[in-house]
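Asks: Before anything else, here's the structure in question.
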Amino acid sequence: MPWHIPADFRRVKSLTMGKPLVMGRKTFESLPGVLPGRRHIVITRDRSWSAEGAEVAHSLDDALAQANAPQIVIFGGADIYAAALPIASRIELTQIAADYPGDTQMPPLGPGWRETFREEHGAEGDRPGFTWITLLRSSPPACGRG
Ligand SMILES: NC(=O)c1ccc[n+]([C@@H]2O[C@H](COP(=O)([O-])OP(=O)(O)OC[C@H]3O[C@@H](n4cnc5c(N)ncnc54)[C@H](OP(=O)(O)O)[C@@H]3O)[C@@H](O)[C@H]2O)c1
0 MPWHIPADFR RVKSLTMGKP LVMGRKTFES LPGVLPGRRH IVITRDRSWS
50 AEGAEVAHSL DDALAQANAP QIVIFGGADI YAAALPIASR IELTQIAADY
100 PGDTQMPPLG PGWRETFREE HGAEGDRPGF TWITLLRSSP PACGRG
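In numbering that gives the first Met the number 0, the protein residues as written are 0 to 145.
Here's what the structure looks like:
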């Protein structure tokens, strides 16, 4: 990621600790290492792919079935967010108050979300300002998978 915001890493850690993380293979490979205290369920089409610390899945449904937990964290990237969005019930969003070039984008969230939390943080030195936002679904997810 093009920004470095230690407080955001800490928040991600506290929000995800103990919960299974479902992510695409590229997101897994972009991590500095396996994140302690969380299962990493990695989606790939490559039947021969494996990595230390990763549980392998070949579709979102497969990953959710393997996770088998009351709360499952969808950790990205773009296609995995898009696939999970219709069944997600909560979004923890960090908005960065700066423009960066990038090659990966969140899909549009669409209607049906209500904001329940917002906390703004100003810029400090080289670190951009950022806002934490929690969104909850205002109507039940599109199907009962999650
Ligand atoms: N800012 C954030 O919060 C955030 C969050 C997450 C990620 N990221 C960044 O986003 C980048 C990676 O995201 P990305 O969108 O490029 O990749 P990604 O979603 O992490 O991984 C893409 C890979 O996942 C597998 N995959 C995706 N959909 C699949 C499906 N339906 N069935 C089976 N396998 C599937 C494929 O793996 P194979 O090619 O192995 O088949 C595909 O190449 C990284 O730079 C990461 O740092 C940022």
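We put the CB at the ideal spot given by N, CA and C, even for glycine.
Keep in mind that this is a model prediction, so the values were computed, not measured.
For Gln94, write down the residues that DSSP places opposite it in a beta bridge.
Replies: The partner list for Gln94 (beta bridge, DSSP) reads Thr130.
Asks: Flag this pair as yes or no: are the beta carbons of Arg9 and Trp131 separated by less than 8 Å?
Replies: Going by C-beta atoms, Arg9 is not nearer than 8 Å to Trp131.
Asks: Per the DSSP calculation, Ile73 is bridged to which residue(s)?
Replies: The partner list for Ile73 (beta bridge, DSSP) reads Val21.
Asks: Leu135 by DSSP, collapsed to three states: which one?
Replies: If DSSP states are grouped into helix, strand and coil, Leu135 belongs with the strands.
Asks: Roughly how many angstroms separate the alpha carbons of Glu91 and Ala77, rounded to a whole number?
Replies: Approximately 15 Å between the Cα atoms of the pair.
Asks: Would you mind listing the beta strand (DSSP E) stretches within the segment 102-131 that are 3+ residues and don't spill past its ends, in chain order?
Replies: Whole beta strand (DSSP E) segments, 3+ residues: 112-120.
Asks: Report all residues from its chain with a CB closer than 7 Å to the CB of Tyr80; omit the five preceding and five following residues, and keep chain order.
Replies: So the list reads Ile73, Met105 and Pro106, once near-sequence residues are dropped.
Asks: For ligand 1, is there a heavy atom less than 7 Å away from the beta-carbon of His39?
Replies: Checking the Cβ of His39 against ligand 1 gives no.
Asks: Measuring CB to CB, does Ala56 end up less than 8 Å from Ile71?
Replies: Not a contact, by the Cβ cut-off of 8 Å.
Asks: Roughly how many angstroms separate the alpha carbons of Gly143 and Glu118, rounded to a whole number?
Replies: Here the model assigns Gly143 a pLDDT of 49, short of 50, so the residue's position is not dependable, and the following value carries that caveat. C-alpha separation (whole angstroms): 31 Å.
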